[in-house]
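Undergrad:
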Amino acid sequence: MAERSFAKEVEKLRLGAGEEFAGEGILAITKALLQCGVGYVGGYQGAPISHLMDVLADAQDILGELGVHFEASASEATATAMLAASVHYPIRGAATFKSTVGTNVASDALANLASGGVTGGALIIVGEDYGEGSSIMQERSHAFAMKSQVWLLDPRPNLPSIVKAVEDGFELSEISNTPVMLQVRIRCCHVHGHFIAKDNKRPPMTVADALEAPRRDTGRIVLPPASFLHEKEKVAKRWPAAVDFIRKNRINEFFGSDHGSVGIVMQGGMYNSVIRALQRLGLADTYGDTDVPLYVLNAVYPLIDDEFLAFCEGKQAVLIVEEGQPNYIEQAFAAMLHKAGRGTRLVGKEYLPMAGEYTGQVMLDGLGAFLRAEAPHLLPGEVRAPNKVGDGVDTADLINVVPGRPPGFCIGCPERPIFAATKLVEQELGKHHIASDIGCHLFSIMPPFELGATTMGYGLGPASASAFNSPDAKRRSISFVGDGGFWHNGLTSSIGNAVFNKNDGVIVIVDNFYSAATGGQDILSSRAGNKTKSTKHPITEAVKGMGVKWLRHVDRTYDVGKMQDTLREALTTEEKGPKVIVASSECMLNRQRREKPLVDKAIKGGERVIKPKFGVDEDICTGDHACMRLSGCPSLSVKSLEDPLRDDPVASIDQNCVGCGNCGEVADAAVLCPSFYRADVVHNPSRWDRFLESARRAVISLLQRRRESRRLTFADA
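When we follow UniProt numbering, the leftmost residue of the sequence shown carries the number 1, and every step to the right adds one.
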């Protein structure tokens with residue numbers, strides 16, 4: 001169950017020639033694939049490209065009508081290997097995944113695909129996740145394109161440019177027999193706009209057609225002696241073909257004046273930010289028209305020598321706007337200028353940060369500093385005053401004013417009690433080396449849990465603890481892996497590795513029924529039915545199949561006591577070999593998405609519905625706050641009392657509570673706190689409900705009056 005349904009939006013994919021398509025960048029990419037006659041699509045979800053997989057999943061009826069095969073791949077390597085269908089057959093194929101973490105996983109398949117080359121167009125849509133809002137290590141996909149000699153497109157963030165980039169990508173791939181990467185940043189994925197649609201095309205050859213007429217060309221198989229000729233073909237044939245196509249079809253664009261003393265060269269994805277900065281400097285209007293010469297690289301690899309040198313003609317300085325480090329583009333253009341003996345001064349990171357996201361303020365500061373130094377006559381008088389790069393809001397001041405807000409688990413998350421139990425066990429047995437993994441459970445490294453020492457890749461948590469499998473060790477390591485990571489890579493790389501090497505550590509598989517961190521997509525062990533996928537395959541059966549002997553399954557993680565007991569047993573048992581705990585409870589976000597509409601419908605329909613709510617009795621709460629130290633739920637906070645005799649704030653639960661009960665569970669497990677209570681809110685109560693409520697209120701009122709009477713009597717005495 002994905003976090004968002006595109007069931008209504010995908011109907012726009014049926015629009016024909018001449019009709020206006022309006023929507024999001026993700027939808028535009030899908031429409032472009034269909035207009036280009038794509039034959040098959042695969043991929044693995046991950047921000048900012050997750051929604052593309054969700055769109056394709058919701059559009060399977062439309063894909064089926066066109067004879068387009070789609071599958072949600074097991075990993076990025078699977079998705080890239082799928083493009084092998086374009087090696088021998090003239091079928092256009094596409095794969096999609098998340099930036100460097102995806103290309104890391106896919107690099108083996110990508111290298112082989114790029115070496116042998118393709119016959120049909122092969123397009124890899126990479127959701128570039130670089131910058132302060134990213135959830136991954138800060139690297140760029142650009143290096144993978146250079147390493148494997150595949151071409152990299154980086155379109156301007158507007159729908160017509162995105163659609164054209166998809167079309168250009170397939171044609172470029174076919175003409176040069178080379179896979180093409182299409183890089184789209186988060187703003188590109190979610191930008192809204194419109195373009196004039198074309199008719200969808202049924203692929204001239206489908207994958208079913210290919211099976212009826214098998215082909216093979218040993219020259220495209222990565223095996224000596226052909227593999228030694230692939231490198232020569234890349235340089236002598238494919239590269240010139242790509243350069244010629246990019247030049248003739250004007251993939252790169254020029255804006256602004258044909259003449260000027262300075263110019264700006266940028267990645268296509270940076271265009272909107274550059275124009276916005278120029279607008280704020282008074283050098284561009286609201287339509288993007290500017291007198292500053294701009295060279296926009298919609299193709300950032302390979303670069304076109306003569307285009308760049310022609311752009312530099314007559315300019316004393318050119319600024320390269322290249323987000324991220326290393327500055328591959330700047331280095332390449334500097335080499336071109338040097339070899340050509342040109343005197344144009346090339347600058348980039350002197351005015352823009354070496355690394356980090358080029359936000360609006362960063363771009364404004366960098367372009368402003370460049371123009372003040374190299375062409376102050378262009379700037380209106382009121383913006384000529386010098387200022388330092390980075391002027392504006394002081395980050396240090398913000399840190400002092402705005403409280404830190406570390407990322408954490410969602411309200412009611414079933415993973416929170418797992419780590420509460422881990423903390424409690426560590427209080428008993430001492431600290432352990434804990435290896436974390438990619439996924440929601442990685443939030444355990446943050447307060448209040450502060451668990452975990454490393455995270456080495458999706459599904460590699462247990463593998464990253466494998467070095468601690470020492471026969472002399474007196475304490476076992478603990479490692480975590482999510483169900484998404486388990487099926488992606490962990491089954492073999494972590495579980496299989498632990499079994500084979502007789503690892504004695506404890507492995508906790510966090511099973512929340514979905515690939516929750518990437519948007520709640522179904523996986524093999526999802527418990528919901530899926531009409532196009534095979535689900536309901538228990539993780540426990542897969543683990544047994546790998547040879548694990550010590551296996552425990554906790555089917556309700558909110559039972560902190562049981563989680564605690566199971567962890568203690570795993571850490572203290574005499575049995576050797578990997579100890580695997582499968583901790584299962586449904587992702588609360590997905591559960592709420594599934595149940596809330598049904599509950600709301602029932603309430604509106606007049607049905608009797610009971611919704612649990614939890615609270616804290618202020619008279620009983622001591623202000624110990626152990627519930628927060630072992631929970632961290634966003635709905636659990638503190639509240640100051642008006643009682644002058646009680647200085648410590650007490651625990652308080654706000655209206656966002658979803659009634660999971662975890663706060664009370666951890667309090668009971670820690671110190672047997674009696675201050676938590678559960679109240680059942682009854683919607684559309686029956687007559688019996690109303691009678692019971694009246695009776696309760698009457699009894700409570702009687703007891704309160706009696707207590708007050710006794711208090712007054714005692715006070716008078």
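We put the CB at the ideal spot given by N, CA and C, even for glycine.
How many angstroms separate the CA atom of Gly116 from the CA atom of Ala106?
TA: Taking the straight line from one Cα to the other gives about 16 Å.
Undergrad: Since Gln279 is in the alpha helix (DSSP H), which residue starts that stretch and which ends it?
TA: 271 to 280 is the extent of the alpha helix (DSSP H) around Gln279.
Undergrad: Using C-beta distances below 7 Å, list every residue in its chain close to Arg4, excluding the 5 sequence neighbours before and after it, in chain order.
TA: Within the same chain, Arg4 has close Cβ partners His51, Asp54.
Undergrad: Go through the UniProt domain "4Fe-4S ferredoxin-type" (612 to 644) residue by residue and report every complete run of the alpha helix (DSSP H) that reaches 4 residues or more, in order.
TA: Listed in chain order, the complete alpha helix (DSSP H) runs (minimum 4 residues) inside the UniProt domain "4Fe-4S ferredoxin-type" (612 to 644) are 626 to 629.
Undergrad: What do you reckon, are the CB atoms on Val481 and Gly459 nearer than 8 Å?
TA: Contact: yes.
Undergrad: Quick one: Cα of Glu11 to Cα of Gln60, how far?
TA: Rounded to the nearest angstrom, the two C-alpha atoms are 11 Å apart.
Undergrad: Assuming Tyr130 and Glu428 are in contact, meaning their beta carbons sit under 8 Å apart, how far apart are those beta carbons, in whole angstroms?
TA: Not quite, the Cβ-Cβ distance comes to about 43 Å (not below 8 Å), so this is no contact.
Undergrad: Please report the straight-line C-alpha distance between Leu712 and Ile620, rounded to a whole angstrom.
TA: Looking at the two C-alpha atoms, the distance is approximately 22 Å.
Undergrad: Which one or two residues does DSSP pair with Thr96 in a beta bridge?
TA: Answer is Gly43, Ile125.
Undergrad: Under 8 Å, do Pro447 and Asn662 count as touching if we go by C-beta distance?
TA: No. Outside cutoff.
Undergrad: Residues in its own chain within less than 7 Å of Tyr89 by CB, not counting five upstream and five downstream?
TA: So the qualifying residues of the chain are Thr119, Gly120, Met205, Ala210, Arg215.
Undergrad: I'd like the span of the alpha helix (DSSP H) that includes Phe245, first residue to last.
TA: Looking at the DSSP string, the run of the alpha helix (DSSP H) that includes Phe245 is 239 to 248.
Undergrad: Quick check on Ser148: buried or exposed, where buried means 16 or more other Cβ atoms within 10 Å of its Cβ?
TA: Answer is buried; the Cβ neighbour count reaches 16.
Undergrad: For a minimum of 3 consecutive residues, which ranges assigned as the beta strand (DSSP E) are wholly contained in the stretch 575 to 612?
TA: If we require 3 residues or more, the beta strand (DSSP E) runs fully inside the stretch 575 to 612 come out as 579 to 584.
Undergrad: How close, in whole Å, do the beta carbons of Cys36 and Glu174 come, if the pair is a contact with beta carbons under 8 Å?
TA: Between Glu174 and Cys36 the Cβ distance is about 11 Å, and since that is not below 8 Å, they are no contact.
Undergrad: If the criterion is Cβ atoms closer than 8 Å, does the pair Arg556 and Ser585 meet it?
TA: For Arg556 and Ser585, yes; Cβs fall inside 8 Å.
Undergrad: In chain order, what are the residue ranges of uninterrupted alpha helix (DSSP H) at least 4 long that sit wholly in the stretch 522 to 560?
TA: If we require 4 residues or more, the alpha helix (DSSP H) runs fully inside the stretch 522 to 560 come out as 539 to 545.
Undergrad: Would you list the residues sitting across from Gly205 in a DSSP beta bridge?
TA: Here residue 205 is Met; the residue named in the question, Gly, does not match the sequence. In the DSSP output, where bridge partners are listed per residue, Met205 has none listed.
Undergrad: So the candidates are Ala651, Arg646, Lys576, Leu641; which of them puts its Cα closest to the Cα of Ser635?
TA: Ranking the options by Cα distance to Ser635, first place goes to Ala651.
Undergrad: Which class does Gly294 belong to by DSSP, given the choice of helix, strand or coil?
TA: Inspection of the sequence shows that residue 294 is occupied by Leu rather than by Gly. Note: Leu294 maps to strand in three-state DSSP.
Undergrad: Would you say residue 742 and Ile507 are within 8 Å of each other, going by their C-beta atoms?
TA: Only positions 1 to 717 of the chain appear in the structure, and residue 742 is not among them; the question remains open.
Undergrad: In the DSSP assignment, what are the bridge partners of Met266?
TA: For Met266, which the question treats as bridged, DSSP gives the partners Val296, Val321.
Undergrad: Whole angstroms is fine: what's the gap from Gly490's alpha carbon to Pro406's?
TA: The straight-line gap from Cα to Cα measures roughly 27 Å.
Undergrad: Our contact map puts Ala95 next to Met82 with C-beta atoms below 8 Å; I'd like the distance itself, whole angstroms only.
TA: At roughly 6 Å, the Cβ-Cβ gap stays under 8 Å, so Ala95 and Met82 are in contact.
Undergrad: Would you tell me roughly how many angstroms separate the C-alpha atoms of Val101 and Ile653, rounded to the nearest one?
TA: Straight-line Cα distance between these residues: approximately 38 Å.
Undergrad: Once you ignore the five residues that flank Asn684 on each side, which residues in its own chain have a CB closer than 8 Å to its CB?
TA: Answer for Asn684: Ile603, Gly606, Glu607, Arg608, Val609, listed in chain order.
Undergrad: Is DSSP giving Arg345 helix, strand or coil here?
TA: In this structure, Arg345 counts as strand in the three-state DSSP scheme.
Undergrad: Give the single residue among Gly452, Ala84, Gly615, Asp199 whose Cα lies nearest to the Cα of Phe676.
TA: Nearest of Gly452, Ala84, Gly615, Asp199 to Phe676, Cα basis: Gly615.
Undergrad: Give me the DSSP bridge partner(s) of His432.
TA: Answer by DSSP bridge pairing: none, since His432 is not bridged.
Undergrad: Is Gly127 closer than 8 Å to residue 738 when the C-beta atoms are compared?
TA: Here the chain comprises residues numbered 1 to 717, so residue 738 is not present and cannot be evaluated.
Undergrad: Give me the Cα-Cα distance between His190 and Asn158, rounded to the nearest whole angstrom.
TA: Distance between the alpha carbons of His190 and Asn158: 10 Å.
Undergrad: Do you know how far the Cα of Gln325 is from the Cα of Met146?
TA: Their Cα atoms are separated by approximately 14 Å.
Undergrad: Please name the residue, chosen from Asn177, Ile62, Gly547, that lies closest to Ala241 on a Cα-to-Cα basis.
TA: Out of Asn177, Ile62, Gly547, Asn177 has the C-alpha closest to the C-alpha of Ala241.
Undergrad: Could you tell me the alpha carbon to alpha carbon distance between Cys633 and Asn400, rounded to whole angstroms?
TA: Roughly 24 Å separates the two Cα atoms.
Undergrad: Here's the rule I'm using: 16 or more other beta-carbon atoms within 10 Å means buried, otherwise exposed. How should Ala385 be labelled?
TA: Residue placement at Ala385 cannot be trusted, given a pLDDT of 47 that sits under 50; the coordinates are not used to answer.
Undergrad: Alpha carbon to alpha carbon, how far is Pro578 from Leu571?
TA: Cα to Cα, Pro578 sits roughly 11 Å from Leu571.
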